[in-house]
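J.: One structure, pasted below without further comment.
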Amino acid sequence: MTQKRYLIIGGVAGGMSAATRLRRLDENAHITVLERGGHVSFANCGLPYYLGGVIEQRDSLLLQTPASLGSRFNLDVRVRTEAVSIDRDAKTVRVRDLATGEETDEAYDALVLSPGATPVRPPLPGGERMLTLRDIDDVDAAMAELTVAPNSALVIGAGFIGLEMVENLVHRGLAVTLVELGDQVLPPLDPEMAGPVADRLRAAGVDVRLGTQVTELGPDTAVLSDGSVVPAEFVLASIGVRPDTSLATAAGLALGERGGIRVDDQLRTSDPDIYAIGDAVEKTDAISGEQRLVALAGLANRHGRLVADAITGKTIRVRDALGTAVVGVMGLTIAATGWNEKLLRRTGRDIRVFHTHPASHTGYYPGAESMALKLVVDASTDEILGAQGIGGDGVDKRIDVIATAMAGGITASELADLELAYAPQYSSAKDPVNMLGYVALNAAEGLTPSIQWHELEAELDAGATLVDVRTRGEYADGAIPGSINIPLDEIRSRQDELPEGRLVVHCKVGQRGHTAVRLLAQLGREAVNLDGGYLTWSAGTEARSAVPALVA
1088 MTQKRYLIIG GVAGGMSAAT RLRRLDENAH ITVLERGGHV SFANCGLPYY LGGVIEQRDS
1148 LLLQTPASLG SRFNLDVRVR TEAVSIDRDA KTVRVRDLAT GEETDEAYDA LVLSPGATPV
1208 RPPLPGGERM LTLRDIDDVD AAMAELTVAP NSALVIGAGF IGLEMVENLV HRGLAVTLVE
1268 LGDQVLPPLD PEMAGPVADR LRAAGVDVRL GTQVTELGPD TAVLSDGSVV PAEFVLASIG
1328 VRPDTSLATA AGLALGERGG IRVDDQLRTS DPDIYAIGDA VEKTDAISGE QRLVALAGLA
1388 NRHGRLVADA ITGKTIRVRD ALGTAVVGVM GLTIAATGWN EKLLRRTGRD IRVFHTHPAS
1448 HTGYYPGAES MALKLVVDAS TDEILGAQGI GGDGVDKRID VIATAMAGGI TASELADLEL
1508 AYAPQYSSAK DPVNMLGYVA LNAAEGLTPS IQWHELEAEL DAGATLVDVR TRGEYADGAI
1568 PGSINIPLDE IRSRQDELPE GRLVVHCKVG QRGHTAVRLL AQLGREAVNL DGGYLTWSAG
1628 TEARSAVPAL VA
């Protein structure tokens, strides 16, 4: 049997998944993995938690070594080894040993590119002391600075990794400033969902600066674009990554519109003998069908397995990417999948939006934690386009169920019929996902028209009356300006007090508002529900007021 030569450039999630799967499928092949860094298999998602001391041992991050991979899988794994260039005609790769500088040529029958992405480093005076966090070398450099016990830290960028770093630096006892150029933390979320996250950070003592940027780094301070100076002995940038396409570009491989390596449905590049996976590759978006960059470890792992199947002759199916992600911040769990409302409205998509505020499990069983869920749906087809959740226990479970429903083509209304596990300590008889389905079904059937928190002002300007159907005590504790209070249980007897014209009703979370809309409709009144009630309106208006430039 002719021995195949498989060459993989880049390890970690994508490259190592490809290498080990190839071995399971072809015991006879010669499989070589080239890794420019010093470690080929490590838990990069655990890096912030090692810096924060949550993960105490550095060795816990190291999953496999070249020796262990050689022993178990008979892989030729070379660290501190750089792929310099690809000769596509000769089907060879020029390889440089970074320790000795020696260069050799490695032949391949199939080549897999898994180079990953490189952190974005904003050019600014003093920026040379700015750290990033992508690999073990980065975490070692960061830990070396943290061991000298600084008192202050600056994190640039409020995305998922940035917030993980903020939490862990607070855990170490540092005074942390978070600077974000955008008008909210966690850009994948909508403002009313992201606002409570910023509140939680501030409550933990984090100095959150939105709508600003760092213009200069001094020895132990940073100058911001608003002219203020903040303490910054330790500085970490987390403002995004760019696909590492240098090797592919030099080899003449085609790139996509987003700047990543272009692949077909079998993960082949424009050269049929060269495949590509991971953060450097463009993926097909599940909502738009367009190409996008999605830097997630789960996708890299799955595509690593799939590319091995494709190389060995199997026909594969690469699912479109939803971008499902989760992060924990100061006791909050935040998760999202698909597109958010602001992006869909920007593209002109006709959508319906639903907010709910359920508990993680039945309220009578001790330990129930509140959450906020958001579902975004195509108004004409009922297709689920995205979901977001924040809260305590159970948020990740609900977003995972919705992401699975999206992958299976289940509509928003059909969420009501999902048979989900129930016991008092885990859920409610009507799971929060089922409840989203009921709300979506009511809207699809025209039973309960609703408006969003950011549409209320326009409704009132157009002459609608806002009716708060909560109790008098709830109303006294805080109310939307301009509203009148008629508790739900009194609407029948006090309907004559309602002004003529369109009514917008609301309660705390939307459930009593739904009942009020149904009652008023049958009393001959035109009424709509304020989706998500007072809680969603409060979160949205608070987020908007935090940065004046914020637009819904």
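Here my numbering is used: the first residue of the sequence shown is 1088, the next is one more, and so on.
Just so you know, even glycine gets a beta-carbon here, dropped at the ideal spot from N, CA and C.
On a predicted model such as this, the values are computed, not experimentally measured, just so you know.
Excluding the five sequence neighbours on either side, which residues of its own chain have a C-beta within less than 6 Å of the C-beta of S1570, listed in chain order?
T.: L1553, D1555
J.: Taking contact to mean at least 3 C-beta pairs separated by less than 8 Å, is the region 1601-1618 in contact with the region 1255-1271?
T.: Note that the region 1601-1618 does not touch the region 1255-1271; fewer than 3 beta-carbon pairs, one per stretch, sit closer than 8 Å.
J.: With DSSP as the reference, identify every bridge partner of G1425, one or two as the case may be.
T.: G1473
J.: To which residues does DSSP link H1593 through a beta bridge?
T.: The partner list for H1593 (beta bridge, DSSP) reads D1555.
J.: Among the candidates P1275, P1359, I1497, whose CA atom is the shortest distance from the CA of D1469?
T.: I1497
J.: Excluding the five sequence neighbours on either side, which residues of its own chain have a C-beta within less than 8 Å of the C-beta of L1233, listed in chain order?
T.: L1138, R1259, F1321
J.: Just list the alpha helix (DSSP H) runs in the region 1469-1517, keeping only unbroken ones of 4 residues or longer that don't cross its boundaries, in chain order.
T.: 1482-1494
J.: Indicate whether G1473 and N1427 have their beta-carbon atoms separated by less than 8 Å.
T.: yes
J.: How would you write the range of the alpha helix (DSSP H) that R1581 sits in, first residue to last?
T.: No alpha helix (DSSP H) holds R1581; DSSP gives it neither H nor E.
J.: Since A1490 contacts T1411 with CB under 8 Å, what's their CB separation in whole angstroms?
T.: At roughly 5 Å, the Cβ-Cβ gap stays under 8 Å, so A1490 and T1411 are in contact.
J.: In whole angstroms, what separates the C-alpha of W1107 from that of A1100?
T.: Inspection of the sequence shows that residue 1107 is occupied by Thr rather than by Trp. Rounded to the nearest angstrom, the two C-alpha atoms are 11 Å apart.
J.: Between F1160 and the rest of its own chain, which residues show a CB-CB distance below 6 Å, the 5 nearest in sequence each way excluded?
T.: T1107, R1110
J.: Is it right to say R1349 is buried, meaning 16 or more other beta carbons lie within 10 angstroms of its own, or is it exposed?
T.: buried
J.: Does the region 1379-1394 touch the region 1441-1454, meaning 3 or more C-beta pairs lie closer than 8 Å?
T.: no
J.: Can you tell me where the beta strand (DSSP E) holding Y1451 begins and where it ends?
T.: Neither: Y1451 is in no beta strand (DSSP E) and is coded neither H nor E.
J.: Output needed for D1618: all residues of its chain with C-beta closer than 8 Å, excluding positions within five of it in sequence on either side, in chain order.
T.: V1440, F1441, H1442, S1537, I1538, Q1539, W1540, G1597
J.: On the premise that A1626 lies in contact with G1282, defined as a C-beta separation below 8 Å, what is that separation, rounded to the nearest angstrom?
T.: 5 Å
J.: On the criterion of 16 or more Cβ atoms from any shown chain inside 10 Å, does A1636 qualify as buried, or is it exposed?
T.: The predicted position of A1636 is uncertain, since its pLDDT is 45 and thus under 50; no value can be drawn from it.
J.: Does the region 1117-1132 come within contact of the region 1154-1171, defined as at least 3 CB pairs closer than 8 Å?
T.: Touching, per the Cβ criterion.
J.: Report the partner residues of V1413 according to the DSSP bridge assignment.
T.: A1422
J.: What is the DSSP secondary structure of R1599, counted as helix, strand or coil?
T.: helix
J.: Helix, strand or coil: which one does DSSP assign to T1107?
T.: helix
J.: Hey, would you say V1405 sits closer than 8 Å to L1342, going by beta carbons?
T.: no
J.: Flag this pair as yes or no: are the beta carbons of V1207 and V1328 separated by less than 8 Å?
T.: yes
J.: Need the endpoints of the beta strand (DSSP E) that M1458 sits in, please.
T.: 1458-1465
J.: Assuming contact is defined by CB atoms lying nearer than 8 Å, are Q1271 and A1630 in contact in what I supplied?
T.: For Q1271 and A1630, yes; Cβs fall inside 8 Å.
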